[in-house]
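Residue numbers for the sequence shown follow our numbering, so the first one is 92 and each next one is one higher.
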Amino acid sequence: MTPEIRLRIHEALDRFEIELPSWGFADTGTRFGKFLQDGAAIDLADKLADAGEVHKLTGCCPKVAVHVLWDFEEGDDPAEVARLAARHGVKIGSINPNLFQDQDYRLGSLCNPAAEIRARACRHIEDSIKLGQSLESEIVTLWLADGTNYPGQGSIRARKQVLEKALEEFHGKLSEEQTFLIEYKPFEPAFYHTDIADWGMSYIYAKKMGPQAKVLVDTGHHYQGQNIEQIVAWLLDEDMLGGFHFNDRRYADDDLTLGSIDPYQIFRIFGEIHGYAASKDGRYPGIEYMVDQSHNLKPKIEAMIETVMTAQELYAKAALIDFGQLEKHQASGEIVDAERLMKQAFNKDVSGEIAEWRKGRGLSPDPLIAFRESGYLERIAADRLARRAALGISESGSYA
Ligand code: PSV
Ligand code: MN
Numbered sequence: 092m093t094p095e096i097r098l099r100i101h102e103a104l105d106r107f108e109i110e111l112p113s114w115g116f117a118d119t120g121t122r123f124g125k126f127l128q129d130g131a132a133i134d135l136a137d138k139l140a141d142a143g144e145v146h147k148l149t150g151c152c153p154k155v156a157v158h159v160l161w162d163f164e165e166g167d168d169p170a171e172v173a174r175l176a177a178r179h180g181v182k183i184g185s186i187n188p189n190l191f192q193d194q195d196y197r198l199g200s201l202c203n204p205a206a207e208i209r210a211r212a213c214r215h216i217e218d219s220i221k222l223g224q225s226l227e228s229e230i231v232t233l234w235l236a237d238g239t240n241y242p243g244q245g246s247i248r249a250r251k252q253v254l255e256k257a258l259e260e261f262h263g264k265l266s267e268e269q270t271f272l273i274e275y276k277p278f279e280p281a282f283y284h285t286d287i288a289d290w291g292m293s294y295i296y297a298k299k300m301g302p303q304a305k306v307l308v309d310t311g312h313h314y315q316g317q318n319i320e321q322i323v324a325w326l327l328d329e330d331m332l333g334g335f336h337f338n339d340r341r342y343a344d345d346d347l348t349l350g351s352i353d354p355y356q357i358f359r360i361f362g363e364i365h366g367y368a369a370s371k372d373g374r375y376p377g378i379e380y381m382v383d384q385s386h387n388l389k390p391k392i393e394a395m396i397e398t399v400m401t402a403q404e405l406y407a408k409a410a411l412i413d414f415g416q417l418e419k420h421q422a423s424g425e426i427v428d429a430e431r432l433m434k435q436a437f438n439k440d441v442s443g444e445i446a447e448w449r450k451g452r453g454l455s456p457d458p459l460i461a462f463r464e465s466g467y468l469e470r471i472a473a474d475r476l477a478r479r480a481a482l483g484i485s486e487s488g489s490y491a
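Following this line, the structure appears as structure tokens:
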């Protein structure tokens, strides 16, 4: 490995951080059931402890995304939550409002035909914005489950207009530090239409909302075969890419661990970002990288460490694409050479150099092995089993 390649890998890793989702540490399942794990987090304190452990081992996950209704209870003191996070070496990251669980939202939340239900949903978003301010979190992400199940059930245009108006009002409530990210998803739980179905709709809503709004790309929220890196390229070029929810999928929004099905796709996405920076004298845009996965079969903390390691590896590999050379191949129509350049970077074994980078930071060269040797899981499993018994509950966490 040349010193130049080594440097590129180290620079990429120095730059790369990824946020962990609190909900990835709790018991989760599918609509058919849950398989419970002894070590699953019971409450926010456990989730922050587990996320802190992942950060301690990987050195690149200083923030934890929270889901407002799963992680907070009426009367919780945000200052206390911030202190708790700090005790585990992490900070609260993105705030995820929840407009999909309440019975009131059967016909939608922000797009509900009833004004009083829309108002209730608006209050929740405004409370979430305020919660973010009191936690010094800079990101509010909106995933809207609203939509309809049958043709004719609702007016698609009327719902769009109502949502645009609500978003504009939220923009006025943001502090200067806050960014509002708009996530899209073409299906589930709604199965005829969803009110924010694709990146174009997120883009339009964000543009109309105001300068502090951007698009959030969840890799699991696309139709089969969709070219996600093209979406990324367009959003980068329009300065509208706010962040990612990373996960992998085979069929739908499967929430599988990143890179388990198609690592080359994640590499190509990162390639677009490195390529964009290369065209801007090495300046990288501010993008929030976040994990959005729930692990219902794999051990949760291991799955999270595995995900973070995969993200680091693919980000580092994509930094090795020689963009100057690529441009030359493109200009000359040298298709085979251009593709070969991509493949060469993807196939490069960067694991040794990543291990070196970790050692240089006082980290274990293999965070997964270090985790297994730490005895952390055995300790928390015993503790959480006893606490669940004392509380008289069988399942932990609050993910519904
Ligand atoms: C919806 O599928 C989603 O991607 C949203 O980001 C939610 O906040 C998250 O999953 C909950 O798991
Ligand atoms: Mn998501």
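Glycine included, C-beta positions come from ideal geometry on N, C-alpha and C.
Since the model is a prediction, treat every value here as computed from it, not as a measurement.
Where the beta strand (DSSP E) containing residue i begins and where it ends
i	result
Ala156	Lys154 to His158
Thr232	Ile230 to Leu233
Residue interval of the alpha helix (DSSP H) (run including residue i)
i	result
Ser185	Note, Ser185: premise wrong, no alpha helix (DSSP H); beta strand (DSSP E) at Lys182 to Asn187.
His179	Looking at the DSSP string, His179 is not in any alpha helix (DSSP H), and its letter there is neither H nor E.
His215	Ala206 to Ser225
Gly362	Pro354 to Ala369
Phe191	First-last for Phe191: undefined, no H or E at that position.
Phe462	Pro458 to Ser465
Thr398	Lys391 to Ala409
Glu320	Ile319 to Asp328
Bridge partner(s) assigned by DSSP for residue i
i	result
His336	Asp309 and Met381
Ala132	Ala117
Glu110	Met381
Gly238	Thr285
Lys125	Gly120
Leu347	Asp339
Close Cβ partners of residue i (< 6 Å) along its chain, the five nearest in sequence each way excluded
i	result
Asp474	none
Ile364	none
Ser489	Interpretation of Ser489 is limited by its pLDDT of 49, a score under 50 that renders its predicted location unreliable; the figure taken from the coordinates is listed afterwards. The answer, listed in chain order, is Trp161.
Ser351	Asp339
His262	Met300 and Gly301
Pro390	none
Val308	Phe335
Ile471	Gly130
Ala409	Phe358, Phe361, Gly362 and His365
Close-in-space but distant-in-sequence residues of the same chain around residue i (CB under 7 Å, 5 per side omitted)
i	result
Leu226	Pro169, Val172, Ala173 and Ile183
Pro242	Tyr283
His215	Pro188 and Leu190
Lys264	Glu217 and Ile220
Cys202	Asp237, Arg250, Val253, Leu254 and Asp286
Glu444	Met92, Arg97 and Ile100
Ser385	Trp114, Gly115, Thr119, Asp346 and Tyr490
Ser228	Ile183, Gly184, Ser185 and Ile186
Lys305	Thr270, Leu272, Ala297, Met331, Leu332 and Gly333
Ile247	His284
His158	Ser113, Trp114, Asn187 and Asn189
Leu104	Gln403, Ala407, Ile445 and Trp448
Other residues of its chain near residue i: CB distance less than 8 Å, five sequence neighbours each side excluded
i	result
Gly150	Arg449, Arg452 and Leu454
Cys152	Glu108, Ile109, Glu110, Leu111, Ala142, Val145, His146, Val181 and Val399
Ile378	Leu332, Gly333, Gly334, Phe335 and Ile364
Leu432	Ile412, Asp413, Gln416, Leu417 and His420
Ser259	Just to set this straight, residue 259 is Glu in the shown sequence, not Ser. Answer for Glu259: Lys299, Met300 and Gly301, listed in chain order.
Leu388	Phe126
Cβ of residue i within 9 Å of any chain B Cβ
i	result
Asp134	The structure shown contains no chain B; it is built from a single protein chain.
Report the residue ranges of all beta strand (DSSP E) runs contained in full by the segment 250 to 303; include only those spanning at least 3 residues, in chain order.
-> 270 to 274
Can you list every residue whose CB sits closer than 6 Å to some heavy atom of the ligand MN, going in chain order?
-> Trp234, Glu274, Asp309, His336 and Asp383
Fully enclosed by the segment 423 to 448, which alpha helix (DSSP H) runs are 4 residues long or longer?
-> 426 to 438
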